[in-house]
Amino acid sequence: MLEVGGLTVTLHGITILRSVTLTIEPGRIVGLIGRNGAGKTTTLRAIMGLTRAASGRLALEGEDLSGLPPHLRARLGIGYVPEDRRLISALSARENILVPAWAGGLADAEARLDGVYTLMPELRELAARPAALLSGGQQKLVALARSFMYGSRVLLLDEPFEGVAPPLARRLVRAVREFQEHRPGLSVLVAESEVKWVRLLTDKIYSIERGTTAEVPAPTP
Ligand code: ATP
Numbered sequence: 001m002l003e004v005g006g007l008t009v010t011l012h013g014i015t016i017l018r019s020v021t022l023t024i025e026p027g028r029i030v031g032l033i034g035r036n037g038a039g040k041t042t043t044l045r046a047i048m049g050l051t052r053a054a055s056g057r058l059a060l061e062g063e064d065l066s067g068l069p070p071h072l073r074a075r076l077g078i079g080y081v082p083e084d085r086r087l088i089s090a091l092s093a094r095e096n097i098l099v100p101a102w103a104g105g106l107a108d109a110e111a112r113l114d115g116v117y118t119l120m121p122e123l124r125e126l127a128a129r130p131a132a133l134l135s136g137g138q139q140k141l142v143a144l145a146r147s148f149m150y151g152s153r154v155l156l157l158d159e160p161f162e163g164v165a166p167p168l169a170r171r172l173v174r175a176v177r178e179f180q181e182h183r184p185g186l187s188v189l190v191a192e193s194e195v196k197w198v199r200l201l202t203d204k205i206y207s208i209e210r211g212t213t214a215e216v217p218a219p220t221p
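Heads up: the sequence shown begins at 1 in our numbering, then just goes up one per residue.
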C-alpha cells in the first residue's frame, strides 16, 4: 500500500502542493486527474523523491520513504515514467531501458529485460534503434518498459496518454494491465489531464486542483 498524506511542496517560495492525500492499495490502479499546472507532475516527483516535500507522510507498506533519495526509492520497487520521457537520444532503445538498471547495479537486469520483451515484443525489434530515431509513440513504449525494470511494487505514470493516438493508448492500457498480472501486488498511479483512457484502467480516481486532491466518487453502474 502506498500512502501519501498531507503532502506539501514549496518551490521558490510558492506553495505548489497543499495537502496532497491519496492511497493506493496493493494490486490497485489509481488515477490522478487535473488540468495543466494542477500539480500532477510535482506529486509524482515528490513520491519519487525528485522534489523535496516540505511536510507530509509518504509510506510504502508502512515504511517511511520521506528521507530516501530517488535511487533508493527505485530500489524498493518504484518505477517512474516522467512526462517528457527523458530518453537519451544517442543510446539505443535497449540501452535506454537498461540504463537505470546498470546505474543501480541490478544483478538480474537481462532477465528483467527478457520479461519486459515478453510483454512488449515490438521492443525487441526496436532494440538497436537509437532513441532519436524512434517515433513519439515508440518512445512512450520504451519509457514504460524502462519503468517496468524497477516497478515491482509501484508504478508512477505521468501523462502516458497525452498526445497519443487511440491504437497506441489501447496498447499502453494493455501493457500496464498485463504487467500488473505478473506483479499481483503492484500499485499504479496514473496522472492525466483527461479521465478518458484512465477510466479503462480504474474507477478509483482522485482529482487535483491547485495542488489539493480529492477522491472522486466512482460512477454508479
Ligand atoms: P502539466 O501537465 O502542465 O505538467 P501538472 O499538473 O503536472 O501540469 P506541475 O508540473 O506539477 O503540474 O506544476 C504545478 C505548478 O507548479 C504549476 O503552476 C507550475 O508552474 C509550478 N511549478 C512546477 N515546477 C516548478 C518549479 N521548478 N518552480 C516553480 N514553480 C514550479
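C-beta atoms are modelled at their ideal positions from N, C-alpha and C, and glycine is treated no differently.
By Cβ distance below 8 Å, which residues in the same chain neighbour residue i in space, the five residues on each side in sequence not counted?
i      : result
ILE97  : LEU113, VAL116, LEU123, VAL142, ALA145, ARG146 and MET149
GLY27  : GLN180, PRO184, GLY185, LEU186 and SER187
ARG18  : THR8, ARG210, GLY211 and THR212
ALA111 : none
LEU68  : GLY49 and LEU76
ALA53  : LEU7, THR8, VAL9, LEU17, ALA46 and SER66
ARG86  : ALA143
ALA131 : LEU87, ILE88, SER89, ALA90, LEU91, SER92, ALA93, ASN96, GLN139 and VAL142
VAL99  : ILE88, LEU91 and ARG146
Would you say the beta carbon of residue i comes nearer than 6 Å to a heavy atom of the ligand ATP?
i      : result
GLY163 : no
ILE16  : yes
GLY34  : yes
THR21  : no
HIS12  : yes
GLY39  : yes
THR42  : yes
Pull up the DSSP beta-bridge partners for residue i, would you.
i      : result
GLY27  : According to DSSP, which records beta bridges pairwise, GLY27 is partnered with nothing at all.
ILE33  : GLU192 and SER207
GLU125 : Beta-bridge pairing links GLU125 to no other residue.
ILE14  : LEU11
GLY5   : ARG57
LEU22  : VAL4
PRO130 : SER92
Given residue i, which residues of its chain have a CB within under 7 Å of its CB, disregarding the five upstream and five downstream residues?
i      : result
GLN138 : LEU126
ASN36  : SER193
THR42  : VAL9, ILE16, LEU17 and THR51
Using a Cβ-Cβ cutoff of less than 6 Å, which residues in the same chain neighbour residue i once the five nearest sequence positions on both sides are dropped?
i      : result
LEU50  : PRO70
GLU3   : THR23 and ALA59
LYS204 : VAL30
VAL223 : With the chain running from 1 to 221 in the structure shown, residue 223 is simply not present.
ALA214 : SER207
GLY154 : Here residue 154 is Val; the residue named in the question, Gly, does not match the sequence. These residues qualify, in order along the chain: LEU2, ILE78 and SER187.
Unbroken stretches of the beta strand (DSSP E), 3 residues or longer, contained in the stretch 155 to 217: 187 to 192, 205 to 209 and 212 to 216
Within the stretch 53 to 123, ranges of the beta strand (DSSP E) (whole runs, at least 3 residues): 55 to 60 and 78 to 81
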